[in-house]
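Report on the following structure.
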Amino acid sequence: MEYRYKTVLLKISGEALQGPLGFGLDPDTVDDIATQIAEVSRDGVRLGVVIGGGNIFRGQALAERGLNRVTGDHMGMLATVINALAMQDALERQGLATRVQSAITMVEFTEPYIRRRAIRHLEKGRVVIFAAGTGNPYLTTDTAAVLRANEIGADIILKATRVDGIYDRDPIKYPQAVRFTEITYLEAINRKLQVMDTTAMSLAMDNGLETVVFNLQKQGNIKRSIMGEQVGTLVRIGD
Ligand code: UDP
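Read in order, the letters of the sequence shown are residues 2 to 240 in the working numbering.
In structure tokens form, the structure reads like this:
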């Protein structure tokens, strides 16, 4: 089996885990994603996974309801740890070796994030789930994904979403929206397309890391995108 990318950082939004529930975690949905991850991991792809927390808490949304923003962000980061543990459990039930490394130390049930140790786990074929984002408020797990991707030397960032890629308009609101097969980070930033937040995109752009945005709900899409098939939208560095 020929994979184009050998080391991959997969970003899964919290919402991707909620499945039909609309909030929180749907165990069947987590299991489906774990099955997709297990297949490529068994084929030897080195996989780092960053999980979001938007299915439980987002700091900005809490701040809009009157909470302190930093407290809200701390709650959001804790939400990502809950999701990471759920994903670890599902991956272990697939028979994979995994580690959760958290940017906020919680040594009773996660390892602290230690870059060299994370790389060693990947070399040994373990899936490393990076939890608690960057450990800092005012940032998102998209930024954490780009940061960790750079740190582990990933060949690509895979951003798993609920739509088939990046469109010129919101495809849920506008059925005539057109999907890009490729776009540059600058164009995505300038057109204010909802790809990743601008901090994440500029970090990826400045460090030469491309992103594939694709639909996680289509079985086999993780594998197809790692094989380099045209799945979703490729976000390029530009000239
Ligand atoms: N968060 C944070 N710093 C980080 C990553 C996340 O403060 O480095 C908080 C922030 O409140 C964010 C929440 O955790 O809204 C959940 O992450 P995110 O919104 O990125 O989750 P996703 O949209 O991917 O589900």
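Each residue gets a CB set at the ideal place from its N, CA and C atoms; glycine is no exception.
Looking only at C-alpha atoms, which of the options sits nearest to residue i?
i: residue 36; options: 26, 88, 7; result: 88
i: residue 226; options: 129, 158, 94, 80; result: 158
i: residue 179; options: 166, 191, 186, 190; result: 166
i: residue 5; options: 34, 136, 46, 16; result: 46
i: residue 129; options: 138, 139, 117, 144; result: 117
i: residue 52; options: 96, 181, 145, 229; result: 145
i: residue 1; options: 97, 196, 78, 66; result: Residue 1 lies beyond the stretch modelled for the chain, which goes from 2 to 240, so this question has no answer here.
i: residue 197; options: 236, 43, 156, 228; result: 236
Once DSSP output is grouped into helix, strand and coil, what is the label at residue i?
i: residue 161; result: strand
i: residue 61; result: helix
i: residue 175; result: coil
i: residue 25; result: coil
i: residue 105; result: coil
i: residue 115; result: coil
i: residue 73; result: helix
i: residue 81; result: helix
i: residue 167; result: coil
i: residue 100; result: strand
i: residue 182; result: coil
i: residue 238; result: coil
How close, in whole Å, do the beta carbons of residue i and residue j come, if the pair is a contact with beta carbons under 8 Å?
i: residue 26; j: residue 56; result: 7 Å
i: residue 54; j: residue 105; result: Incorrect: roughly 12 Å between the Cβ atoms, too far for contact.
i: residue 147; j: residue 194; result: Not quite, the Cβ-Cβ distance comes to about 16 Å (not below 8 Å), so this is no contact.
i: residue 214; j: residue 160; result: 5 Å
i: residue 49; j: residue 123; result: 7 Å
i: residue 95; j: residue 119; result: Contact flag wrong, Cβ pair sits at about 20 Å.
i: residue 204; j: residue 162; result: Contact flag wrong, Cβ pair sits at about 19 Å.
Count the other C-beta atoms from every protein chain shown that fall within 10 angstroms of the C-beta of residue i, then say buried if there are 16 or more, exposed otherwise.
i: residue 81; result: buried
i: residue 131; result: buried
i: residue 20; result: buried
i: residue 186; result: buried
i: residue 83; result: buried
i: residue 114; result: buried
i: residue 74; result: buried
i: residue 140; result: buried
If you measure from the beta carbon of residue i to each beta carbon in chain B, is any gap under 8 Å?
i: residue 49; result: Checking the listed chains, one finds no chain B in this structure; it contains a single protein chain.
Can you list the beta strand (DSSP E) stretches of 3 or more residues lying completely in the region 191 to 217, in chain order?
212 to 216
Ranges of the beta strand (DSSP E) found wholly within the region 115 to 145, counting only runs of at least 3:
128 to 132
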